[in-house]
Every structure is written in structure tokens, then in C-alpha cells.
Amino acid sequence: MALQDQDVLYALIDVNTGQVISGGYPFWEIAWHPSGRYLAGKIPNAKHPTIQIVDSATLEVFTEFAVPPYYENENPAYQLEWSPDGKSLAFAHNSGQIYIWAFDEAKIRLQNSFPLTFQRE
């Protein structure tokens, strides 16, 4: 389980013991891989925002990739979501694009991006 505090830091909690496994991840948003083995999290940074994929067993960064910046906005990507089979990670971008990243245990690569059209209310 992952819990967030008011300072936008996440901690991993062992649900069997209630003990904190690790804490202080500066993610703005997280998404668990369907297998539970990986955790994807956004790291805000106005110049170089990134998404990290962390191995939930070792807590080591498996991979990290840059999110295209958007007018110095430190949070250009939102709504991280894994596909049900865990082979893709998608997010919406403030530019109006949806990015889909292909994922396997050897690498992650940009698979596709396309315009997202919606109206804000």
C-alpha cells in the first residue's frame, strides 16, 4: 500500500504488518502495475519532469523517462494509468496529447501519442 502525506511524499506500507517499508518518495501521483511488482510515479520539476518506475520489492528505480515540458509547468502530465495487461503506461499531457509508453521488463519506450480532445467545464 502507498500512503501520501500533506507534503506530497509517499510511503510504502506492508499491509500485513502495518510497518513502513520505505518513505519519502516525492511523487505527485502513483499507479501500481497490475502485477504489483512495479510502481510508476510522477516527479515534478518545472525544467525536467519525469516518471519513475520503481521495483516494489527492492525499492530501486527500474527506469526513468522524461515527460515533455509544457510552458514551465512542473506538472505537465496527469492521470497515470497502466493497461490491464501491464504492457503499457499511459498519461494525459497538458498540451492535449495522450502518451502511451510500451513497457516490458527490459525497457520502456514511447509507443504512441495522439491528440486528446475534451472540453473543460
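Letter by letter, the sequence shown follows residues 152 to 272 of this note's numbering.
Virtual Cβ for every residue (Gly too), placed ideally from N, Cα, C.
Please name the residue, chosen from the options, that lies closest to residue i on a Cα-to-Cα basis.
i	options	result
Glu-215	Glu-256, Ile-202, Asp-206	Ile-202
Ser-239	Gln-248, Val-218, Ala-191, Ala-217	Ala-191
Asp-236	Ile-181, Val-212, Phe-178, Tyr-189	Tyr-189
Leu-231	Asp-206, Asn-167, Ala-182, Pro-219	Ala-182
Pro-200	Glu-180, Thr-168, Phe-213	Glu-180
Distance, Cα to Cα, residue i vs residue j?
i	j	result
Ser-186	Leu-210	15 Å
Ala-253	Ser-234	10 Å
Glu-256	Ser-207	13 Å
Ala-217	Ser-246	15 Å
Val-212	His-184	14 Å
Tyr-229	Ile-249	10 Å
Assuming the contact rule is C-beta atoms closer than 8 Å, residue i and residue j should be a hit. Round their C-beta distance to whole Å, please.
i	j	result
Ile-251	Ala-241	5 Å
Phe-178	Ile-194	6 Å
According to DSSP, is residue i part of a helix, a strand, or is it coil?
i	result
Lys-238	coil
His-184	coil
Phe-178	coil
Ser-207	coil
Val-218	coil
Glu-232	strand
Gly-247	coil
Phe-254	strand
Thr-201	strand
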